[in-house]
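First the structure, in the form of structure tokens, and then the observations on it.
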Amino acid sequence: MSYKIPMGPYHPGLEEPYKLDMICEGETVTDAKLHIGFNFRGIEHLAETRNYIQVIALMERVCGICSNIHTLTLCQAMEGLTGLTPPPRAQYIRVVMAELERLHSHVLWAGIAAKLMGFKTMFMTCFEIREKVMDVLQAISGNRVNYSMNRIGGVNRNIDDPLALLSMIEQLEGEMVKTVIPIFTTSSTARSRCAGIGVLTTEKALSCGVVGPVARASGVGQDLRKAAPYAAYAEMDFEVPVQPDGDVKARLLVRALEIMESCKILRQALTKMPPGEIDTGDGKFNFITGTATSRVEAPRGEVLYSVSWKEGSRNPNRVHVRTPTFANMPAIRWMVMGARLADTPLIQASIDPCYSCTDR
Amino acid sequence: MNVIENIQQKLGITEPSVESGGVHWLNPGTMNVRELAKTLLAMKARFITITAYQLPKEEGLRFEYHWDLDGTLLGFPYLLAGNSIDSLYDLTEAVDWIEREIHEGYAVDFIGRDYEPLLLREGDALGVNLREEVKK
Chain A
1 MSYKIPMGPY HPGLEEPYKL DMICEGETVT DAKLHIGFNF RGIEHLAETR
51 NYIQVIALME RVCGICSNIH TLTLCQAMEG LTGLTPPPRA QYIRVVMAEL
101 ERLHSHVLWA GIAAKLMGFK TMFMTCFEIR EKVMDVLQAI SGNRVNYSMN
151 RIGGVNRNID DPLALLSMIE QLEGEMVKTV IPIFTTSSTA RSRCAGIGVL
201 TTEKALSCGV VGPVARASGV GQDLRKAAPY AAYAEMDFEV PVQPDGDVKA
251 RLLVRALEIM ESCKILRQAL TKMPPGEIDT GDGKFNFITG TATSRVEAPR
301 GEVLYSVSWK EGSRNPNRVH VRTPTFANMP AIRWMVMGAR LADTPLIQAS
351 IDPCYSCTDR
Chain B
361 MNVIENIQQK LGITEPSVES GGVHWLNPGT MNVRELAKTL LAMKARFITI
411 TAYQLPKEEG LRFEYHWDLD GTLLGFPYLL AGNSIDSLYD LTEAVDWIER
461 EIHEGYAVDF IGRDYEPLLL REGDALGVNL REEVKK
């Protein structure tokens, strides 16, 4: 006999509200249906009522984890409509902020995944490491969540002594190599909870159009930092980790390896950061009538902003946001089909979902 | 032959592409959106999203279909005179949520598919959030 188990909208396994209705036969999930919209704030509509300065602050609040990425993508789109190109130092600072954000996001996810595995000490370790990254973000921007770093034509704050941050990168890398990666890859707890569960095949990943680490863990090697470089990524040397298995373990591994690559990028960006201005100067610009689109590789995958403006207007006509979780979440249905009910909290968490981003 | 020329040849588009605002725009002309999608999927392009714009006065809606091919961002604009357009859901499930979102936000019917509520709840009015005449 089949029966329905609802998970959410409020559930200990979910960081934010959404609902997963699972049809089960015994302990096995045979199908699932997702319900979102519990965090719907109408931000795209609200953006049409904000001017070109206010809209940056508004879009920073789409997400509480990758807030910087949203303003970066928006500013890049608005720079396309104003003809401004940020100076090289600003492009490097954008890379530093983006990679620090990726680090804290991935380590946060590793902690949550550890908690869902029943591995509480690992949760504490990950959050201790993440705190160090948050300290650096705070030291640069003055903020821990909404950094207010990006502006049209550059960034708001300089990194006065980039080389001083190198010690944090080394410390973080050391912790990852010494503790996090070995435990996640060799401990029997992690292996038994992650290997072979929540599989998303390469074929299904392509047909669902998933992005970011979810795609890369299913053998789809797409990364905008390589395929369509923005900011100063064209000048960085790094690898894009890809795993073929498509299970929770592969998603975990991809993120762990991406942490190492982020450290590599950060080291290059901090060492090679060119001197000079951090914005285009006088703050004067004019929007042209038209649409501009920008894409960025956020911690969870590709973010796309389409911004439409009318010359002479202070407000955008339209701001459309396609967030990575919006692309990744529908795939949860295929990941949980055939899984044990007890594994579903970890499986759904393995895409590192952001429901606020998804609903906007 | 570069990516754009290859696409133009496969789609039979003779009009030159325009690179603007970070997108390579290709005018599909009278090509049905499903034919376009079938060709792009056969080329291993990845569907990204649809951006809907309401045009001023009563000019209808403009849909921009965004696809990625080997890191190149492609845009295909479609003008909707009425309130409907063919669905791509049976061709690629990647369009599912954005078609449902636009259906709810702009009260557009994607022909050939069923809907379940996405951001709105069962029974909520369509078009409330983004459709100008409904907002008023």
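Just so you know, the protein sequences line up as chains A and B, in that order. Reminder that position 338 of the first sequence reads as 338 in my numbering, one-by-one numbering, no gaps. Offset between the second sequence (1-based) and my numbering: plus 360. Every residue, glycine too, gets a C-beta built ideally from N, C-alpha and C. Note that this is a predicted model, so its numbers are computed, not measured.
Among the CB atoms of chain A, none fall inside 8 Å of the CB of B/His-463.
Within chain B, the residues placing a beta-carbon under 8 Å from that of A/Gly-80 are Gly-381 and Gly-382, ordered along the chain. Short of 8 Å from the beta carbon of A/Met-134, and not among the five residues preceding or following it, lie these beta carbons of its own chain, in chain order: His-104 and Arg-144. For A/Met-22, the beta-bridge partners assigned by DSSP are A/Ile-5 and A/Ala-32.
Nearest Cα to B/Arg-406 within the set B/Thr-399, B/Leu-434, B/Leu-421 and B/Trp-427: B/Trp-427. The three-state reading of DSSP puts A/Arg-157 in coil, since its state is none of H, G, I, E or B. A/Leu-253 carries a helical assignment under DSSP once its states are collapsed to helix, strand and coil.
Scanning its chain for C-beta atoms nearer than 6 Å, with the 5 sequence neighbours on each side dropped, one finds around A/Asn-328 the residues Val-210, Val-214 and Ile-351, in chain order. Proximity of the stretch 274-284 of chain A to the stretch 83-94 of chain A meets the contact definition, three or more beta-carbon pairs being nearer than 8 Å. Using a 10 angstroms sphere on the CB of B/Val-378, the tally of other CB atoms stays under 16, which defines it as exposed. Per DSSP, the unbroken beta strand (DSSP E) holding A/Ala-298 starts and ends at 290-298. Distance from the CA atom of A/Gly-198 to the CA atom of B/Leu-415, rounded to whole angstroms, is 43 Å. B/Phe-470 sits in a strand when the DSSP states are folded into three classes. Among the CB atoms of chain B, none fall inside 8 Å of the CB of A/Ala-90. Residues of the stretch 269-296 of chain A with a C-beta less than 9 Å from any C-beta of chain B: Gly-290, Thr-291, Ala-292, Thr-293, Ser-294 and Arg-295, listed in chain order.
Taking 8 Å as the cut-off, the Cβ atoms of A/Arg-193 and A/Met-124 do not count as close. Comparing alpha carbon positions, the residue from B/Gly-372, B/Leu-451 and B/Asp-484 closest to B/Arg-473 is B/Leu-451.
If you ignore the 5 residues before and after A/Thr-202, its C-beta comes within less than 6 Å of the C-beta of Ser-218 and Gly-219, all in its own chain and listed in chain order. Annotation: Cβ neighbours of A/Gly-37 in chain B (cutoff 8 Å, chain order): Pro-477, Leu-478, Leu-479, Leu-480 and Arg-481.
Using a Cβ-Cβ cut-off of 8 Å, B/Thr-399 does not count as an interface residue toward chain A, since no Cβ of chain A sits closer than that to its own. Listed in chain order, the non-local C-beta contacts of B/Asp-446 below 8 Å within the same chain comprise Asn-392, Val-393, Arg-394, Phe-470, Ile-471 and Gly-472, local neighbours out to five positions each way being set aside.
Below the 7 Å Cβ cutoff, chain A contributes Gly-209 as neighbours of B/Arg-406, in chain order.
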